[in-house]
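Undergrad:
Number of protein chains: 2
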Amino acid sequence: MTDNEGFGNDLVWLSVLVQRRYAQICADHDLTSTQATLLCVLKDQPQGMGDLAQLLGVAKNALSGLVDRIERRGLVQRETPEHDRRAVTLSTTALGKKIVGALYADVAERMPDITSTLPADEQHQFANSVARITAPAHRTALLEHNTNHPKADEQIAG
Amino acid sequence: MTDNEGFGNDLVWLSVLVQRRYAQICADHDLTSTQATLLCVLKDQPQGMGDLAQLLGVAKNALSGLVDRIERRGLVQRETPEHDRRAVTLSTTALGKKIVGALYADVAERMPDITSTLPADEQHQFANSVARITAPAHRTALLEHNTNHPKADEQIAG
DNA sequence: TATTGTTATACTCTATAACTATA
DNA sequence: TATAGTTATAGAGTATAACAATA
């Protein structure tokens, strides 16, 4: 306990350092952090507005404006699925895919420098821990919308 | 290299998780993340506007508005030092100190849960690494303004 | 009636540029 | 002239509440 007292606040500071660098990298690709994260979540598969809002941790109405701006720039596109004309499915355009791919690579290259003050083996161990902490979040990103929509399971089962 | 490929992006995800929880804790104390971080930086000693802007990673003019809002709520106070009437020294009020103290404790209590998916010994090692990564940032917070103002050193020396 | 998404409104945060007061 | 900070303006992000269209 004693030598762990500042851990929570250290975590916040680490995230500030990461976010600062992330914002810089995003800016180099003409994106805000929020826009970049939206593109990343959308990178591998389309999402509905509701699910996407949940994944990003924002309210649906906030997402509408977010999508307006990034759609205006031609990086994502809205589509209305035939089976439910209330819904909107969001996906990245070819340009969006290209940009998010470059961003991803740039983050992978420039972000690890954050841990450069650690000895090599500790860096390795740290990367491992970070991967294990964030793994559930990745799974959530893929499964959460199924959890909330039993019908989707039925469709798969049927 | 191979098993490290996603490290940079994992770090970003970790920081998103931390920031989300941090925002929630701050909101429970009626603060935005930015306001909370400003109070934390100001917690132990007063700062000038310029130095504070640098510590927070924002431009001076952005800081003016930030301080306006949080001063209006009585959590910080502006003062003009006699030796340079252009300058403004910012410090926390008694109320500000009380609130930032409670916030700090709450963060320390609720944030470590982020690593709950790791086994105990790995949590310990992880906390250790985070402390070592953020330590230079803490030092910077305390020393940076001296670096930029040689006169301060002279005053101490004299 | 319930659900999906959007609009209206308001506030915080941030950047650029122009400005004021002091040194 | 240079420096410390503020004001003006604009845009992004976010929340609450009211709304429209569809199921």
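For the record, the sequence lines run as chains A and B. In this text, residue positions in the first sequence follow the working numbering: the first is 23, and each later residue adds one. In this text, residue positions in the second sequence follow the working numbering: the first is 23, and each later residue adds one. From the three backbone atoms N, C-alpha and C, an ideal C-beta is built for every residue, glycine too.
Beta-carbon within less than 7 Å of I178/B's beta-carbon, same chain only, minus the 5 sequence neighbours each way: which residues are those?
TA: Low per-residue confidence applies at I178/B: pLDDT is 26, beneath 50, and the placement is therefore not dependable enough to give any value.
Undergrad: List, in order along the chain, the chain B residues whose C-beta lies closer than 8 Å to that of A130/A?
TA: Correct list: E27, G28, F29, G30 and N31.
Undergrad: Does DSSP put Q177/B in a helix, a strand or coil?
TA: A caution first: Q177/B carries a pLDDT of 32, below 50, which makes its placement in the model unreliable, though a value can still be read off. Correct three-state label for Q177/B: helix.
Undergrad: Starting from the beta carbon of R42/A, find every residue of chain B whose beta carbon is closer than 9 Å, and list them in chain order.
TA: Correct list: G79.
Undergrad: Could you have a look at E131/A and say whether DSSP puts it in helix, strand or coil?
TA: Helix at E131/A.
Undergrad: For a contact defined as C-beta to C-beta under 8 Å, what are the partners of L140/A on chain B?
TA: Chain B residues near L140/A: S151, R154 and I155.
Undergrad: Can you look up Q67/A in the DSSP assignment and give me helix, strand or coil?
TA: Note: Q67/A maps to coil in three-state DSSP.
Undergrad: Within 8 Å (strictly less), CB to CB, does A75/A reach chain B?
TA: No, A75/A lies away from the interface with chain B (no Cβ there is under 8 Å from its Cβ).
Undergrad: Taking 6 Å as the limit between beta carbons, can you name the residues of its chain near D17/B, skipping five residues before and five after?
TA: Examination of residue 17/B is not possible in this model, given that chain B is present from 23 through 180 alone.
Undergrad: Ordered along the chain, which non-local residues of its own chain (more than five positions away) have a Cβ less than 8 Å from that of L61/B?
TA: Cβ neighbours of L61/B beyond the five flanking positions: L53, I92, L97, V98, T114, G118, I121, V122 and L125.
Undergrad: Pull up the distance between the alpha-carbon of E144/B and that of L74/B, whole angstroms please.
TA: Taking the straight line joining both Cα atoms gives about 35 Å.
Undergrad: Checking contacts by CB at 8 Å: is L39/A closer than that to chain B?
TA: Yes, L39/A counts as interfacial toward chain B.
Undergrad: Can you give me the start and stop residues for the alpha helix (DSSP H) that R42/A sits inside?
TA: F29 to D50 is the extent of the alpha helix (DSSP H) around R42/A.
Undergrad: So with CB distances below 9 Å, who are the chain A contacts of L36/B?
TA: Result: L33, L36, S37, V40, V152, I155, T156 and A159.
Undergrad: Taking the beta strand (DSSP E) that V98/A belongs to, which residues open and close that run?
TA: Here the beta strand (DSSP E) through V98/A covers V98 to E101.
Undergrad: Any idea which residues DSSP pairs T56/B with across the strands?
TA: T56/B pairs with nothing; no bridge assigned.
Undergrad: Need the endpoints of the beta strand (DSSP E) that L88/B sits in, please.
TA: First-last for L88/B: K82 to R94, but that is the alpha helix (DSSP H), not the beta strand (DSSP E).
Undergrad: Does T169/B have its Cβ less than 8 Å from a Cβ in chain A?
TA: The predicted position of T169/B is uncertain, since its pLDDT is 33 and thus under 50; a value taken from the coordinates is nonetheless stated next. Not one chain A Cβ lies under 8 Å of T169/B.
Undergrad: Please identify, using Cβ separations under 9 Å, the residues of the stretch 90-112 of chain A that lie next to chain B, in order along the chain.
TA: Under the 9 Å Cβ criterion, the stretch 90-112 of chain A contributes no residue.
Undergrad: Pull up the distance between the alpha-carbon of R132/A and that of I155/B, whole angstroms please.
TA: Their Cα atoms are separated by approximately 16 Å.
Undergrad: Between D136/B and chain A, is the shortest Cβ-Cβ distance under 8 Å, so that the two count as touching?
TA: The question names Asp, but residue 136/B in the sequence shown is Ile. With 8 Å as the cut-off, I136/B counts as an interface residue toward chain A.
Undergrad: Between S182/B and F148/A, is the Cβ-Cβ spacing less than 8 Å?
TA: This structure cannot settle anything about residue 182/B, because the visible part of chain B is limited to 23 through 180.
Undergrad: Around the C-beta of D32/A, are 16 or more other C-beta atoms found within 10 angstroms, so that it is buried, or is it exposed?
TA: D32/A should be labelled buried.
Undergrad: Have a look at the DSSP bridge pairing and note the partners of S113/A.
TA: DSSP output for S113/A lists Q99/A as bridge partner(s).
Undergrad: Rounded to the nearest angstrom, what separates L112/B and A116/A at their Cα positions?
TA: L112/B and A116/A: Cα-Cα distance of roughly 49 Å.
Undergrad: Between the alpha carbons of H105/B and Q46/A, how many angstroms are there, rounded?
TA: Answer to the nearest angstrom: the Cα atoms are 37 Å apart.
Undergrad: How is H160/B classed by DSSP in three states: helix, strand or coil?
TA: Residue state, collapsed to three classes: helix.
Undergrad: Going by DSSP in three states, S138/B sits in which element: helix, strand or coil?
TA: S138/B: coil per DSSP, three-state reduction.
Undergrad: Could you have a look at K108/B and say whether DSSP puts it in helix, strand or coil?
TA: Note that residue 108/B is Arg in the sequence shown, not Lys. Reduced to three states, the DSSP call for R108/B is coil.
Undergrad: With V63/A and L78/A assumed to form a contact (beta carbons below 8 Å), what rounded beta-carbon distance in angstroms separates them?
TA: Correct: roughly 6 Å between the Cβ atoms.
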